[in-house]
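Asks: Last residue of the sequence shown? That's 1164 in the working numbering, and every number before it is there in order.
From the three backbone atoms N, C-alpha and C, an ideal C-beta is built for every residue, glycine too.
Have a look at the structure that comes next, please.
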Amino acid sequence: MNTHSVESGQATNTETSLRQLVQRQQLLSDIAQRVRSSLNLDDVLQTAVKEVRQLLDTDRVILYQFFQPNWTGKVVVESVVDPRFSILSMSIHDACFQGEYVHRYRDGRTLSLENIQTASIAPCHRELLVGLDVQANLVVPVLHQDQLWGLLIAHHCRAPRQWQAWEVDLLKQLSTVIAIAIQQASLVNQLQTELAERQAMAAALRSSQERLQAMVSSASIALIATDQAGIVTLCTGTILHRLGGASPTLVGCPIVEAYAHLPTLIEDMCQALAGKTVTSTIEHDGVILDVRHSPQTSPEGAIVGAISVAIDVTEQKQAEEALRQSEILRQSDAKSRVLLDALPDAIYRIHRDGTYLDCKPSTFCQSLPDAVIGTRLTDVLPVEVAQQIMTHLNQALKTGVTQVFEHQLESGKPCDLEVRLVVNGKDEVLAIVRDISDRKKVDRLKNEFVSTVSHELRTPLTSIRGSLGLLLGGIAGDIPAEATELISIGYKNSERLILLINDILDIEKIESGKMNFSLKPTELMPLVEQAIEATRAYAEQLNVTLELMHTQPGAIVNVDGERLIQVLTNLLSNAAKFSPVNHQVRVAVTRYSGFLRVSVHDQGSGIPEEFRDRIFQKFAQADSSDSRQKGGTGLGLSIAKAIMERLGGQLSFDSDSSSGTTFYCDLPEWLPFCLLPENHRFTRLPELGHAPRILVCEDDSDISMLLKMMLQQEGFCVDIVHSAQAAKQRLSQRPYHAMTLDLALPGQDGISLLRELRLQNSTRSLPIVVVSAKAQQGREEIGDAEFAVIDWLDKPIDQSRLVTVCKQAVVQSQNPQPKILHIEDNSDLVQVIALLLKHDAEICHAASLQQAQQKLDTETFDLILLDLSLPDGSGLELLPIINAQTGLPTPVVLFSAQEVSAETARDATTVLVKSRTSNQELLHTIKSLVGYSLT
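What follows is the structure, given as structure tokens:
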């Protein structure tokens, strides 16, 4: 039995020993595998000491690294069973270590202490261990490259411990693995360091190359290099780009192909490849280069290529040339300067790059020459003035034609200057600057005087013409034939006087840029025929006939008819005036490339060559004797050209002394939309016995349904269409009380649809309410009473306002007698307007702001006809309160002798000028705004 027990115990011990051996070997194998597979030394060592401590079942395992030469060290890795035993990162100095243990550990021997209190060790070493809570100590050296790197130590801190041989052997094997890991980490660090150094060197090289490239570019230096065969190997620098070469495309190309356009460069490079150093100057496209071509040699002295270094010396050469020219001028103009100094004008020599080369001050510009010469325009003048001068300077150098323009400078007080740029050599101009402030002031005073006098004449003339027109129209019944003839004479002369005043104002408006136009699509032929008939009597007096040779029936242009007739009558009268007796003036209308051309040809002696460049200038005439013989002021063609340009056309001419002169009026052809038949009439609806019907034109189905529900809720019948074409079709099928219109429609936009509807008799007076996200933009585009709109509503929709204006539109469409408030202090004109509208509207009159305010407080009106000049203030004071007091967007027509600004016009529905508005036009405008068709 005992024998069996002993054998059984031995077997168990053997099995345990084998299991521990396998466990130890597995641990060493795992740690070695981690060393091979990981570059992170810290992770490998941490895992190793942890697993060793667990296997040894001890309190602390550390890896201690020495710092020579004094053999102090630090704990770099540890694993502890209890945080109380942690000494990680502790620096330790063992005073007796160097004498007792250095050689021992260098030789690879271990130290095993089972109990430090009884062990035979130096007192200083025991004291150190006690301080570290050590009771048993197992130390194995770690050798790296035959040097003592550190120690692998197992500490037992809770009690003495007897270390087993396998434990010592395990630590020794582990120290070998750790040494391998340290060696591997050292190699990795060395490789990483070398890699970092190489990367740094590469970055430094790239930075050096970039700096070199930047220096080449910024210094206006370029480099070209070739190999021995003449193949481009380097091409860099902005200068070469200006010469037609760029490195991405030319490197690798033969030099003779890359720079075939620079034969001098190729020839010099070939000489460099032959071993010669050559210096030359190359000029190309305004660039001047000094180029040095040198051979490149190998260490053995063989020619392996050539390199060219080019330096941009353009500015230097230009400066030298400018200095030379300046010196020449200084030497030659000493006598001329005395004469120039006597002139009141300032004179400057300016280079094409804007540099002042010389100057002569003036009374209005006291800048000293030394303060100006060498500076640029932008250094002395405001940027916008300098840019204007440079534009004209370049044009003068390009064409050789003297440039004349005006600008204003602010230097204490505004100063109006006239500048003449005269070409003075290849690259410079003379700028002659004259103070025209006094002339401008005189012009302004003249224009203000003309405008004031003309405006003061307009109101009485409007009353006279209106009254005489009503008498001729039978307002007072039949009158004797003699009286009719006298009234007709008075009426015609009042018309002539009004036209004369308007012509005077045209001159003033052209000069101030304030001429107004009323453009509308109009048939061209009736205008041409009317101009011919208006001039025929004058031509017959000169024994000249007017013949219309070619016509274009139905051709339409978008013009102000009166203005175009003004241009044509001027051309026709001039042609008749300068035609020989018993000859013809031929008029033709032709079509070409989307334009319509009206040509007026005379058979006179032609326009003198020297006069043609200034024929359209104000007061221009060929010579004074001609002016006395033919008459005229010299304003007609100047006004005609300005009018044609505002109409979107051009006025030009051809002239020959043998065949006469032809003037051409070219206008873009206007292609009208498809209109409803002329016999389709939209009559006024009878008194409603049913719900009013409104047409909603809106491309968005959701918004159109919303509009429909809003209006149906208020008792309206609503039809919906989603396009302009559908709207026109529906309007041709039945009458509507009103229509809402979106401006953003597919196919045809709302603005053009509105224009088209107002051109048709059937829909001219249809009340229209614009409901659009672009309402304000549309309102600014439509300013003519022909296209009157009840109101402009922005999206999102204000339901209350929508319903209010639609109700107003329905009432307006039925009301047989709209109520109009006429605010005017001229009693004669009040009477004329009352007679003009007595069958179509109820007229109320207010002669002052106070009376108008009282009327607006107590009554509601369909339209306000407002004069601006009232005894107690300006009619403009009423504009902000008219709609506020009525609660509805009441149309306001400014009817005054004064011209109004665009800003003021936006606050009114439309603007009419008394002397420019006939009775029929006024009646048409009022009826359009209150919703009636013309009868």
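Under 8 Å: do the segment 794-810 and the segment 753-766 share three or more Cβ pairs, one atom per stretch?
Replies: Yes: at least three Cβ pairs fall under 8 Å.
Asks: Ordered along the chain, which non-local residues of its own chain (more than five positions away) have a Cβ less than 6 Å from that of Ser747?
Replies: Only Asp789 meet the Cβ criterion.
Asks: So which of Gly1102, Lys1156 and Leu866 has the shortest CA-CA distance to Val1018?
Replies: Answer by Cα proximity: Lys1156.
Asks: Check Glu544 in the structure and name its three-state DSSP category.
Replies: Here Glu544 sits in helix by DSSP.
Asks: Per DSSP, which residues does Thr455 bridge with? Please list them.
Replies: Val461 and Ala535, per the DSSP bridge assignment.
Asks: Run through DSSP, which three-state label would Asp1136 get?
Replies: In the structure shown, Asp1136 sits in coil (DSSP, three-state: anything other than H, G, I, E or B).
Asks: Is it the case that the Cβ atoms of Val305 and Leu400 are separated by a distance below 9 Å?
Replies: Not closer than 9 Å, so no.
Asks: Report the three-state DSSP secondary structure of His490 (helix, strand or coil).
Replies: Three-state DSSP puts His490 in coil, outside helix and strand.
Asks: With distance defined between alpha-carbon atoms, name the residue in Gln941, Thr465, His621 and Ser981 nearest to Lys957.
Replies: For the residues Gln941, Thr465, His621 and Ser981, the minimum Cα distance to Lys957 belongs to Ser981.
Asks: Check this for me: beta carbons of Thr764 and Ala710, under 9 Å apart or not?
Replies: In this structure, Ala710 does not lie closer than 9 Å to Thr764 by Cβ.
Asks: Quickly, what does DSSP pair Lys1048 with across the bridge? List them, please.
Replies: DSSP output for Lys1048 lists Glu1071 as bridge partner(s).
Asks: Counting Cβ pairs closer than 8 Å, one from the segment 402-412 and one from the segment 371-385, do we hit at least three?
Replies: Contact between the segment 402-412 and the segment 371-385 is present, because at least three Cβ pairs lie under 8 Å.
Asks: Measuring only the C-alpha atoms, how far is Tyr330 from Leu284?
Replies: About 27 Å.
Asks: Quick one: is Thr1119 buried, meaning 16 or more other Cβ sit within 10 Å of its Cβ, or exposed?
Replies: Buried, by the Cβ-count rule.
Asks: Report the residue from Arg668, Gln942 and Val359 whose alpha carbon sits nearest the alpha carbon of Asn344.
Replies: Measuring from the Cα of Asn344, the nearest candidate turns out to be Val359.
Asks: Anyone know if the C-beta pair for Ile1049 and Ala1070 falls short of 9 Å?
Replies: Cβ atoms of Ile1049 and Ala1070: closer than 9 Å.
Asks: Rounded to whole angstroms, how far is the Cβ of Gln1005 from the Cβ of Trp1021, which I believe are closer than 8 Å?
Replies: Confirmed, Cβ separation roughly 7 Å.
Asks: Thinking C-alpha only, which one of Leu686, Glu685, Val651 and Glu647 is nearest Arg668?
Replies: Comparing Cα positions, the closest option is Glu647.
Asks: For Arg673, count neighbouring Cβ atoms within 10 angstroms of its own Cβ and tell me buried if that reaches 16, exposed if not.
Replies: By the 10 Å Cβ count, Arg673 comes out exposed.
Asks: Figure out for me which residue from Ile868, Ser436 and Ile1093 has the closest Cα to the Cα of Gln846.
Replies: The shortest C-alpha separation from Gln846 is found at Ile868.
Asks: Mapping DSSP to helix, strand and coil, what is Arg386?
Replies: According to the sequence as given, residue 386 is Cys; it is not Arg. The answer is coil: DSSP assigns Cys386 none of H, G, I, E or B.
Asks: For a minimum of 3 consecutive residues, which ranges assigned as the beta strand (DSSP E) are wholly contained in the segment 584-662?
Replies: Listed in chain order, the complete beta strand (DSSP E) runs (minimum 3 residues) inside the segment 584-662 are 585-589, 632-640 and 642-652.
Asks: Output the distance between the C-alpha atoms of Arg910 and Val998, rounded to the nearest integer angstrom.
Replies: Confidence at Arg910 is low in this model, with a pLDDT of 30, below 50, so its placement is unreliable and the value that follows should be read with caution. About 21 Å.
Asks: If I'm right that Leu204 touches Ile260 with Cβ under 8 Å, what's the distance once you round it to whole angstroms?
Replies: Given a span of 230 to 1164 for the chain in the structure shown, any question on residue 204 remains unanswerable.
Asks: Please state the DSSP three-state secondary structure of Ser1029.
Replies: Here Ser1029 sits in helix by DSSP.
Asks: Measure the C-alpha to C-alpha separation of Asp707 and Thr1154 and round it to an integer number of angstroms.
Replies: Whole-angstrom Cα-Cα distance: 29 Å.
Asks: Going by C-alpha to C-alpha distance, which of Gly379, Asp311 and Gln346 sits closest to Arg333?
Replies: Closest option to Arg333, Cα to Cα, is Gly379.
Asks: Go through its chain and collect everything with a Cβ distance to Pro901's Cβ below 7 Å, but skip five positions before and after it.
Replies: Its pLDDT being 45, under 50, Pro901 is placed unreliably in this model, and the value from its coordinates should be taken loosely. Excluding residues within five positions, the ones whose Cβ falls inside 7 Å are Pro750 and Ile785.
Asks: Identify, in the order they occur along the chain, each residue of the same chain with its Cβ nearer than 7 Å to the Cβ of Val609, setting aside the five sequence neighbours on each side.
Replies: Within the same chain, Val609 has close Cβ partners Val601.
Asks: Among Val310, Asp1091 and Ala489, which one has its Cα closest to the Cα of Asp288?
Replies: When each option's Cα is compared against that of Asp288, the closest is Val310.
Asks: What is the residue span of the beta strand (DSSP E) that Leu372 lies within?
Replies: Ala365 to His373 is the extent of the beta strand (DSSP E) around Leu372.
Asks: Beta-carbon within less than 6 Å of Ser1147's beta-carbon, same chain only, minus the 5 sequence neighbours each way: which residues are those?
Replies: Cβ neighbours of Ser1147 beyond the five flanking positions: none.
Asks: Suppose contacts are defined by Cβ-Cβ distances below 9 Å. Is Asp574 in contact with Val507 by that definition?
Replies: Contact flag unset, no.
Asks: Rounded to the nearest angstrom, how far is the Cβ of Ile350 from that of Leu367, given a contact under 8 Å?
Replies: About 14 Å; that fails the 8 Å criterion.
Asks: Can you list, in chain order, the residues of its chain with a C-beta nearer than 8 Å to that of Leu1066? Leave out the 5 residues immediately preceding and following it.
Replies: Result list for Leu1066: Ile1049, Ile1072, Leu1152 and Ile1155, in chain order.
Asks: Looking at the unbroken alpha helix (DSSP H) that takes in Asn803, where does it start and where does it end?
Replies: Looking at the DSSP string, the run of the alpha helix (DSSP H) that includes Asn803 is Gly790 to Lys806.
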